Amino acid sequence: MLVIPLWEKGVVTGTLKIYYCHAHQITSSLQEMAVGLSQIISTQLEVSRAEQLREMANKAELRALQSKINPHFLFNALNAISSSIRLNPDTARQLIFNLSRYLRYNIELKDDEQIDIKKSCIKLKTILPLSRPALATS
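Each number in this note's numbering corresponds to the 1-based position in the sequence shown with 30 added.
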């Protein structure tokens with residue numbers, strides 16, 4: 031049996047065990063092959079860990095951007111609703127409905143969920159009426 035350590039950033043994170051039926055079958059070339067195999071596996075472990083860290087960083091960056099955008103959007107949407115209440119109550123009701131739909135959609139959206147085109151179109155139809163009053167005044 032050969033036992034070779036698997037390394038990740040200078041720390042042993044596991045072992046590769048290779049069993050042979052007869053101890054005399056273990057030659058130096060088989061030992062070299064086992065060491066090479068353990069190096070390949072160790073490299074794969076490090077690459078996989080780096081990809082996980084990169085993905086986690088991307089998700090954190092996206093959440094940070096979303097948290098900056100949402101308060102600004104909410105402020106503008108509430109201003110649009112406020113200005114519509116006296117002049118056009120029906121429009122204000124529709125804007126409130128659209129805002130609640132938009133917020134519910136964002137709350138229910140999972141971090142790792144991919145958004146399909148149909149959902150994106152629905153989201154746009156919900157956001158656009160909220161943006162129109164703000165765009166009309168600018």
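Just so you know, even glycine gets a beta-carbon here, dropped at the ideal spot from N, CA and C.
What you are looking at is a predicted structure, and each value in this text was computed from that prediction instead of being measured.
| query | result |
| --- | --- |
| If we count the other Cβ atoms within 10 Å of its Cβ and call it buried at 16 or more, is residue 167 buried or exposed? | Bear in mind that a pLDDT of 49 at residue 167, under 50, signals an unreliable position, so the model cannot answer this. |
| Quick one: Cα of residue 115 to Cα of residue 108, how far? | 11 Å |
| Please classify residue 72 as buried or exposed, where buried requires at least 16 other C-beta atoms within 10 Å of its C-beta. | buried |
| Note the first and the last residue of the continuous beta strand (DSSP E) segment covering residue 48. | 41-48 |
| Who are the near neighbours of residue 42 in its chain, counting only those whose CB is closer than 6 Å to its CB and skipping five residues on each side? | 35 |
| Starting from residue 32, follow the alpha helix (DSSP H) in both directions and report where the run begins and ends. | No alpha helix (DSSP H) holds residue 32; the beta strand (DSSP E) holding it covers 32-38. |
| Under DSSP, the alpha helix (DSSP H) around residue 136 begins and ends at which residues? | 119-138 |
| Distance, Cα to Cα, residue 31 vs residue 75? | 23 Å |
| Take residue 44 and list the residues in its own chain whose beta-carbon comes closer than 6 Å to its own, dropping the five residues that flank it on each side. | 36 |
| Look up residue 52 in the DSSP assignment and say whether it is helix, strand or coil. | coil |
| Pull up the distance between the alpha-carbon of residue 165 and that of residue 156, whole angstroms please. | Interpretation of residue 165 is limited by its pLDDT of 47, a score under 50 that renders its predicted location unreliable; no figure is taken from the coordinates. |
| May I ask you to report which of helix, strand or coil DSSP gives residue 156? | helix |
| Classify residue 137: buried if its beta carbon has 16 or more other beta carbons within 10 angstroms, exposed otherwise. | exposed |
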